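Residue numbers (my numbering): 5 to 627. Quick reminder that beta carbons are idealized off the backbone N, C-alpha and C, glycines included. Fair warning: this is a prediction, and the values are worked out from it, not measured in the lab. Have a look at the structure below, then the notes.
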């Protein structure tokens with residue numbers, strides 16, 4: 005069925021004398037600066053011609069719903085205000101001394117390199133909102149704008165109650181970081197019906213800790229954009245399982261397939277972090293990348309980079325403390341498996357009998373408890389087709405999920421000791437063929453966590469190889485991430501002895517990387533299940549039935565009290581009740597039965613709702 009994103013504009017009674025206009029979209033475009041798209045909240049008249057112009061001062065209040073576009077500068081005077089409720093404003097920049105209010109499910113996206121004035125006040129009235137700065141890196145966003153963001157009249161501070169995450173190559177996303185938030189709602193019946201529960205973020209919910217007795221009773225759900233959810237059959241994260249990533253659009257699953265329907269006993273929801281493909285093997289600064297790993301679980305993300313922990317060997321995966329360390333990592337969305345466990349004489353395989361597939365698999369299974377997306381052990385080049393293939397086959401037999409295949413590649417099969425001046429094109433061709441063969445075998449996304457043209461090759465070969473390899477890695481859809489690893493012979497380092505870029509360093513640093521997972525909504529395939537979900541396009545309907553909910557005629561006929569309320573509301577209306585629904589700002593409906601004109605709202609989350617009373621609509625607020 006067609007899902008409509010309900011563009012609900014909440015009329016706010018203000019003490020200010022400023023003129024107020026609400027978005028209508030009547031001109032059949034989404035241009036912020038087209039006066040025909042606005043109407044006076046009192047008279048319904050459109051604004052005067054040329055009263056909403058790019059770069060010219062705005063001293064009145066604008067209320068936005070649906071998706072609105074402003075391709076030029078919005079200049080808010082001291083009394084100027086933009087309130088977004090259940091909508092999105094895509095713009096160039098907002099300047100001046102005014103204020104911006106972000107209500108429920110509201111998003112502000114700006115693409116200028118100087119998108120905000122430091123004098124602007126930006127208030128998050130909902131945790132389900134964000135500001136996306138497409139051309140300001142997280143560190144710069146923090147430096148310039150850390151005093152701009154408020155919630156409940158309190159300045160938000162990073163990282164205590166404000167998140168600043170990566171948005172791919174050169175951007176950032178800013179949002180509240182409060183405890184006890186829920187961005188996943190699960191339902192006992194198909195089509196978002198039946199009993200429901202709001203799942204708290206970051207916590208692992210298993211068995212009876214899943215609220216409202218919904219253990220093994222979940223059939224549909226809503227995941228808000230900007231978050232990732234891992235759902236699994238067993239309480240240790242094993243069994244039938246899947247990772248859902250609501251990157252830039254909500255995921256609404258109205259009907260879980262038999263694979264997970266009424267089988268979910270493990271849930272973890274975490275904030276998503278938007279990274280590009282290019283990373284570094286090691287904590288290497290100034291390489292213009294937004295993720296790295298360091299062969300351990302003891303690193304930490306910083307403002308501009310996501311740290312991806314690795315369980316290097318048995319010692320990082322053999323007890324619950326290891327899992328808690330992995331779960332605690334800020335920004336981390338994946339866990340890397342063991343480092344070359346196939347090597348019985350070196351790396352992780354030499355300890356704890358880890359080169360035996362069954363042993364490695366036992367400890368790898370523990371990593372599922374993290375609720376992160378799972379990256380396979382990274383084997384030596386040839387072992388991908390035997391050791392890792394066996395590992396994967398046994399993982400399938402034991403219902404142990406692998407989401408991504410990790411590989412190393414050093415062109416060892418080409419007799420590199422005797423070919424220091426190898427043809428870079430030949431090296432590149434072997435690299436591509438290897439990756440294609442791995443992908444054909446496993447059918448999963450690939451991370452190349454270590455690669456170079458071989459330590460026996462000279463600098464020129466490495467540099468020419470990289471010039472060929474980097475465009476391929478960026479253009480190939482099954483390559484999710486990669487990290488060039490300079491040879492231990494230091495023949496192809498990023499920096500010289502004076503800590504200046506080498507030619508290879510300049511090449512790697514200057515290469516612009518693309519989105520690791522470009523989909524706005526993504527359901528991760530795994531070795532256990534390739535099933536995908538079809539998502540209907542969510543459309544905005546500016547002519548929705550709720551635009552009239554504040555009409556004086558309606559308000560005179562219905563008495564709803566107390567409003568706001570915490571537990572119960574009362575209806576006073578001289579008419580038999582034949583229809584009663586509570587509707588949230590996403591348009592999701594809950595059918596209810598009143599008791600003596602009293603409605604229990606204690607189960608609702610704090611926020612703004614609409615009561616559908618016999619197809620008449622009135623707003624109420626849950627405290």
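The alpha helix (DSSP H) that contains residue i, what's its start and end?
| i | result |
| --- | --- |
| residue 437 | 428 to 446 |
| residue 475 | 463 to 479 |
| residue 328 | 324 to 331 |
| residue 144 | 142 to 149 |
Hey, could you find the ends of the beta strand (DSSP E) residue i is sitting in?
| i | result |
| --- | --- |
| residue 2 | In the structure as shown, the chain starts at 5 and stops at 627, and residue 2 therefore has no counterpart that could be examined. |
| residue 113 | 110 to 114 |
| residue 103 | 103 to 106 |
| residue 27 | 24 to 27 |
| residue 70 | 65 to 74 |
| residue 185 | Premise fails: residue 185 is in no beta strand (DSSP E) and is neither H nor E. |
| residue 453 | 450 to 455 |
| residue 406 | It is not in any beta strand (DSSP E) - residue 406 carries neither H nor E in the DSSP assignment. |
| residue 139 | Careful: residue 139 lies outside any beta strand (DSSP E) and carries neither H nor E. |
| residue 92 | 85 to 95 |
| residue 528 | 526 to 528 |
| residue 51 | Element bounds for residue 51: n/a, residue is neither H nor E. |
Going straight from the alpha carbon of residue i to that of residue j, what length do you get?
| i | j | result |
| --- | --- | --- |
| residue 334 | residue 117 | 26 Å |
| residue 420 | residue 468 | 16 Å |
| residue 160 | residue 358 | 46 Å |
| residue 16 | residue 64 | The predicted model places residue 16 with a pLDDT of 34, which falls under 50 and marks its position as unreliable; any figure quoted below should be read in that light. Approximately 14 Å between the Cα atoms of the pair. |
| residue 466 | residue 496 | 7 Å |
| residue 139 | residue 423 | 44 Å |
| residue 613 | residue 572 | 13 Å |
| residue 66 | residue 56 | 10 Å |
| residue 77 | residue 89 | 21 Å |
| residue 479 | residue 384 | 25 Å |
| residue 134 | residue 96 | 16 Å |
| residue 103 | residue 70 | 19 Å |
| residue 46 | residue 23 | 9 Å |
| residue 624 | residue 203 | 24 Å |
| residue 155 | residue 163 | 14 Å |
| residue 412 | residue 381 | 10 Å |
| residue 254 | residue 168 | 20 Å |
Would the beta-carbon of residue i fall within 8 Å of that of residue j?
| i | j | result |
| --- | --- | --- |
| residue 221 | residue 266 | yes |
| residue 218 | residue 188 | no |
| residue 451 | residue 486 | yes |
| residue 3 | residue 603 | Because residue 3 is not part of the residues shown, which for the chain are 5 to 627, the question remains open. |
| residue 294 | residue 308 | yes |
| residue 581 | residue 564 | no |
| residue 343 | residue 314 | yes |
| residue 141 | residue 174 | yes |
| residue 629 | residue 114 | Because the chain is modelled from 5 through 627, residue 629 falls outside the range shown and cannot be assessed. |
| residue 270 | residue 223 | no |
| residue 339 | residue 329 | no |
| residue 476 | residue 455 | no |
| residue 346 | residue 387 | yes |
| residue 51 | residue 25 | yes |
| residue 120 | residue 152 | yes |
| residue 398 | residue 371 | no |
Go ahead and pull the three-state DSSP assignment for residue i.
| i | result |
| --- | --- |
| residue 172 | coil |
| residue 511 | helix |
| residue 400 | helix |
| residue 212 | helix |
| residue 42 | strand |
| residue 489 | coil |
| residue 387 | helix |
| residue 610 | coil |
| residue 317 | coil |
| residue 547 | Unreliable placement is indicated for residue 547, whose pLDDT of 42 sits below 50; no coordinate value is reported for it. |
| residue 420 | helix |
| residue 204 | strand |
| residue 564 | strand |
| residue 221 | coil |
| residue 394 | helix |
Using a C-beta cutoff of 8 Å, does residue i count as contacting chain D?
| i | result |
| --- | --- |
| residue 617 | The structure shown has no chain D; it contains just one protein chain. |
The stretch 267 to 282 touching the stretch 229 to 236, judged by at least three CB pairs closer than 8 Å: yes
Would the stretch 433 to 452 count as touching the stretch 378 to 396 if we require 3 or more Cβ pairs under 8 Å? yes
I want to know whether the stretch 202 to 219 touches the stretch 246 to 257 - three or more CB-CB distances under 8 Å. no
At a cut of 8 Å, does the stretch 517 to 534 reach the stretch 307 to 319 through at least three beta carbon pairs? no
Any chance the stretch 277 to 288 sits against the stretch 505 to 520, with 3 or more Cβ pairs inside 8 Å? yes
Should the stretch 491 to 510 be called in touch with the stretch 524 to 535, which here means at least 3 C-beta pairs below 8 Å? no
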